[in-house]
Amino acid sequence: MLGDLLDRLRRDSLAKEVDAVSYSLGVDLGTTFCAAAVARDAKPEMVTLSARSLTLPSVIYVGDDAAMVFGEAALRREATSPSRVARAYKRRLGDPVPMTISGQPFSSVELLRATLRHIVERVSEDRKSTRLNSSHIT
Numbered sequence: 012m013l014g015d016l017l018d019r020l021r022r023d024s025l026a027k028e029v030d031a032v033s034y035s036l037g038v039d040l041g042t043t044f045c046a047a048a049v050a051r052d053a054k055p056e057m058v059t060l061s062a063r064s065l066t067l068p069s070v071i072y073v074g075d076d077a078a079m080v081f082g083e084a085a086l087r088r089e090a091t092s093p094s095r096v097a098r099a100y101k102r103r104l105g106d107p108v109p110m111t112i113s114g115q116p117f118s119s120v121e122l123l124r125a126t127l128r129h130i131v132e133r134v135s136e137d138r139k140s141t142r143l144n145s146s147h148i149t
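Numbers given in the numbering used here equal positions in the sequence shown, counted from 1, plus 11.
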């Protein structure tokens, strides 16, 4: 009996520790810009997604090796390589015809998935000592 009680107390204590260091993530995958916020203890805080702003331009550059660059860095590359840049891909959601970027076909779902992955990785880098508890996407 005492062992069961101690086990339960340990589990409860561990659960409280996990809750204390976890956060919720909200992401707005916009047509023009994306934004993210985290909430810990019901206190929301916007996350800086680019060097100059809380928002990230919804633009992707695809390199020769299929590596993707997002946001402001993609915008800078657009001037010299417009065929390697995707914009307004959210508007193509549900369109069965893929977009051709850098000579490769991409669906809007693939591009949105890559953008979301980039944002989650960016937020995770800033919060190494905490754990993502839940996420919400708009």
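Quick reminder that beta carbons are idealized off the backbone N, C-alpha and C, glycines included.
For Ala77, which option in Arg103, Thr149, Val131, Glu121 has the closest C-alpha, if you only look at C-alpha atoms?
Glu121
If you reduce the DSSP assignment to three classes, tell me which class Val184 lands in.
No answer is possible for residue 184: the residues shown for the chain start at 12 and end at 149.
Please go through the same chain and pick out, in chain order, the residues whose beta-carbon is closer than 6 Å to the beta-carbon of Leu104, but skip the five residues on each side of it.
Apart from the 5 residues on each side of it in sequence, Leu104 sits with its Cβ closer than 6 Å to the Cβ of Ser119 in its chain, given in chain order.
So is Arg95 buried or exposed if we call it buried at 16+ other beta carbons inside 10 Å?
buried
Given 8 Å as the limit, is there contact between the stretch 36-55 and the stretch 134-141, that is, 3 or more CB pairs closer than that?
These segments touch.
Can you tell me whether DSSP reads Thr8 as helix, strand or coil?
Outside the modelled stretch of the chain, which goes from 12 to 149, sits residue 8, for which no answer is possible.
Which full runs of the beta strand (DSSP E) of 3+ residues lie inside the stretch 51-132, going along the chain?
List check, beta strand (DSSP E) in window: 54-57, 70-73, 79-81, 96-98, 110-112, 115-117.
Got a sec, what are the start and stop residues for the beta strand (DSSP E) Gly37 sits in?
33-40
Let me know if Pro68 comes out buried or exposed under the rule of 16 or more other beta-carbons within 10 Å of its beta-carbon.
Buried.
Using a threshold of 8 Å, state whether the C-beta atoms of Met70 and Ala85 are closer than that.
Looking at the sequence shown, residue 70 is not Met but Val. Yes, these two residues count as a Cβ contact at 8 Å.
To the nearest angstrom, report how far apart Ala97 and Cys45 are at their CA atoms.
14 Å
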